[in-house]
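Working notes, beginning with the structure itself.
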Amino acid sequence: MDDKDRATGDAGDHADSAFEALLAEGAAVPTEGWDFSWFEGRATEERPSWGYAMSLAGRLAGASAALDVQTGGGEVLDFALGRAAPKAPVLTVATEGWPANVAKATALLSPRGIAVVASPEDAPLPFADAAFDLVVSRHPVRPLWDEIARVLRPGGTYFAQHVGPRSVFELVEYFLGPQPEGVSSARHPERERAGAEAAGLEVVGLRTERLRVEFHDIAAVVHFLRKVVWMVPGFTVEAYRPQLRALHEQIEADGPFVAHSTRHLFEARRP
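For the sequence shown, the UniProt record's numbering assigns the number 1 to the initial residue and increments by one for each residue that follows.
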């Protein structure tokens, strides 16, 4: 082997080891909760102009009894309550369906006197009729409109940020190929408006935005797909290793992989 061949081989070995190290790093990061701080410097997502967490703080400051549905690890509610204090609601409760998140949210929110109730995302809300004047949620899997209407007091408000249709689908289709137009249509804001109105709610605000997302390395892609499990169902590093390698090489050669998220801000009121 001459010096040129040896140098090429060394470069290939280095590239392989760098790729494997990134895969291992992305696969090792814990996925509990909705704290995305690990992505700093590795992935970016443009934020909606309405600033949900700060807007939520204002709503909490004006409420007497609040429910956070599908709170995740409790991070957004904790932040908003910190900004709402000392005018936070007298009663605040949260629900969560994923056991690991229930534990994380309980540890974070219990010092504030907030109970986190383990409740599957598709189950009826375990609360009495007209128990809350404010129901909130950030990125619910699916809003249960009849249940939201039932637990709201007359004049009460549902205030939430939802994931819109075909969010980050450039990444989904990279791994799964072209998806039918009907996929993710349940998240369309107008379809959700119709669902809310059918449950007897009055939709008083609905804003939508499409936002730029960049993945700067393959570790960020791996962690994202492990954390947001419905994007590529059944995702594992081993099952998608060829696609991950090709995407790693693409990012190394061309720069960040660009996708777009969709979000809508939803406000509805029980008459």
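Backbone N, C-alpha and C fix where the C-beta goes; we use that ideal spot for every residue, glycine too.
As the structure is a prediction and not an experimental result, all values here were calculated from the model.
*Coarse secondary structure for GLN161, derived from DSSP in three states*: strand
*Find out if the Cβ-Cβ distance for the pair ALA57, ARG83 is shorter than 7 angstroms.*
yes
*Alpha-carbon to alpha-carbon, ARG150 and PHE127*: 9 angstroms
_I want to know whether the segment 165 to 178 touches the segment 245 to 259 - three or more CB-CB distances under 8 angstroms._
yes
_Among ARG42, ALA268 and GLU75, whose alpha-carbon lies nearest the alpha-carbon of GLY200?_
ALA268
_Length of the line joining the Cα atoms of residue 272 and ILE148_ = The requested residue 272 is not part of the displayed model; the chain covers only 1 to 271.
*asked:* Any contact between the segment 27 to 45 and the segment 116 to 133? By contact I mean 3 or more CB pairs, one from each, below 8 angstroms.
replied: no
*What is the residue span of the alpha helix (DSSP H) that THR106 lies within?*
99 to 109
*For the putative contact between VAL232 and VAL222, defined by C-beta atoms under 8 angstroms, what is the C-beta separation to the nearest angstrom?*
The Cβ separation is near 11 angstroms, so there is no contact.
*For ILE218, I'd like the list of residues in its chain whose CB is within less than 8 angstroms of its CB, leaving aside the five on either flank, ordered along the chain.*
PHE19, LEU22, LEU23, GLY26, LEU244, LEU247, HIS248 and ILE251
_Please classify ALA253 as buried or exposed, where buried requires at least 16 other C-beta atoms within 10 Å of its C-beta._
exposed
*Considering only the beta carbon of each residue, do ALA80 and LEU109 sit closer than 7 angstroms?*
no
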